[in-house]
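Residue numbers (the numbering used here): 121 to 547.
The C-beta atom is built at its ideal place from N, Cα and C for all residues, glycine as well.
Listed below in structure tokens is the structure:
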């Protein structure tokens, strides 16, 4: 059943324009994905919901947009050059390479062999070169995380914003990891977006804030409609913690293949600011110290996949069977779809077009006049549109339209002038 659900969601994502294999016309490229019109809207909605909650709703968090390529000394100081690596093994039978900890029953998923080379550590950072000559002098890396951009700008932000401890710096942006083993659709990719908050606090308060952000972050998923039973906390074993972490928990989602990381929350201690020789001075008390950092970090593509899986549902049977994405209205790519009852009646089309034009400047709105009304409803259900507005012959008489709810399929008559406040109150 779980595998069936996985295949159905992946198929829907391709068929409806959420996600495409990157470079597909040339055979694709493993670990890279392109997001179509609906996928782009979904990702933007997730990022917006994250930013509104983490940054806009708080007076103690500011934003940053740092470069993707830093001076390579950043990665030497942070420990990534030495420690950002995974164990690589090679199957002695087919010579395919894998991340050792992803192998089930220590068996090659390609040929079934059980003999592998001894693991060696493989650095996950993508190398590139800055300047016209490809030599060690120009060697640089695509960032594997957005966090370091925040740390190296810590002093700039403190100096220009007069922030007082505790405070946070947030960033959403691209990260790149040369993963040994990709898979499970967009769960593990080589190019992805991260939303990260670095919360700076006094060392004595780190544990309090760590617990605070655990509660805040899992509540965020629930507020956006994710089922609580699909979420859990899992503490990292000492052997799996990142080199900078003293404590780390994952918020895990119950994916079709089992529990997997959705978001990481780490107490990074004072490691990051200390290695960059940075500190904070309290202007009121005169105390100078190296702040501790609590970091909630989520992958946008991974959370988009979890929201798609969690909202996927099937109802009815036979010709009445419908597939519905019960996405929260804030996340749905289109908030409303507008239809004329039939497409060959100019007066209905004109009226429907007027409603469509009046709403589309407020939020994303779909227009559909193809086929019969039932098929249009089902098509919008499948992409997660919460409401459909139908202009019919009664509209021309009394100025009301039919508004159909995606989740209940209930239909109400609403006055055209009341549509915008009606939808705005629900989004």
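For residue i: DSSP bridge partner residues
i	result
residue 249	259
residue 455	Residue 455 pairs with nothing; no bridge assigned.
residue 166	In DSSP, residue 166 forms no bridge with anything.
residue 373	351 and 380
residue 311	296
residue 241	207
residue 507	456 and 525
residue 316	291 and 417
residue 218	209
residue 192	For residue 192, which the question treats as bridged, DSSP gives no partner whatsoever.
residue 153	141
residue 520	535
residue 367	387
residue 232	Answer by DSSP bridge pairing: none, since residue 232 is not bridged.
residue 181	288
residue 345	In the DSSP output, where bridge partners are listed per residue, residue 345 has none listed.
residue 199	Answer is none; residue 199 lacks a bridge partner.
residue 303	308
Short Cβ contact (9 Å threshold) for residue i with residue j
i	j	result
residue 507	residue 456	yes
residue 460	residue 489	yes
residue 218	residue 204	no
residue 528	residue 497	no
residue 493	residue 520	no
residue 312	residue 419	yes
residue 294	residue 166	no
residue 512	residue 522	yes
residue 478	residue 382	no
residue 345	residue 451	yes
residue 392	residue 268	yes
residue 247	residue 234	no
residue 292	residue 283	no
residue 364	residue 198	yes
residue 484	residue 546	no
residue 156	residue 175	no
residue 531	residue 525	yes
residue 316	residue 272	no
residue 432	residue 125	yes
residue 458	residue 487	yes
residue 297	residue 244	yes
Local Cβ density within 10 Å of residue i, reported as buried at 16 or more and exposed below that
i	result
residue 516	exposed
residue 280	exposed
residue 230	exposed
residue 400	buried
residue 319	buried
residue 471	buried
residue 378	exposed
residue 241	exposed
residue 481	exposed
residue 121	In this prediction, residue 121 has a pLDDT of 49, which is less than 50 and means its spatial position is unreliable; what the coordinates show is noted afterwards. So residue 121 counts as exposed.
residue 438	exposed
residue 145	exposed
residue 358	exposed
residue 215	exposed
residue 405	exposed
residue 154	exposed
residue 428	buried
residue 491	exposed
residue 127	exposed
residue 132	buried
residue 263	buried
residue 193	exposed
residue 151	buried
residue 373	buried
residue 149	exposed
residue 501	buried
residue 310	buried
residue 343	exposed
Proximity test, residue i beta-carbon vs the ligand FMN heavy atom, cut-off 8 Å
i	result
residue 184	The model on display carries no ligand, and the ligand FMN is accordingly not part of it.
Residue-chain proximity (residue i, chain D), Cβ-Cβ < 9 Å
i	result
residue 310	Reference to chain D is not applicable here, since this structure consists of a single protein chain.
Stretch pair the segment 380 to 391 + the segment 413 to 423: three plus CB contacts closer than 8 Å: yes
Completely contained alpha helix (DSSP H) runs for the segment 464 to 492, where each covers 4 or more residues: 466 to 480
Contiguous beta strand (DSSP E) assignments of at least 3 residues, all confined to the segment 381 to 465: 412 to 419, 432 to 435, 442 to 445 and 456 to 460
With a cut-off of 8 Å, do at least 3 Cβ pairs link the segment 281 to 288 to the segment 172 to 185? yes
Three or more C-beta pairs closer than 8 Å, one from the segment 321 to 332 and one from the segment 340 to 358: is that the case here? no
Okay, do the segment 151 to 170 and the segment 418 to 432 touch, 3+ Cβ pairs below 8 Å being the bar? yes
Does the count of Cβ pairs from the segment 298 to 312 and the segment 356 to 369 closer than 8 Å reach three? no
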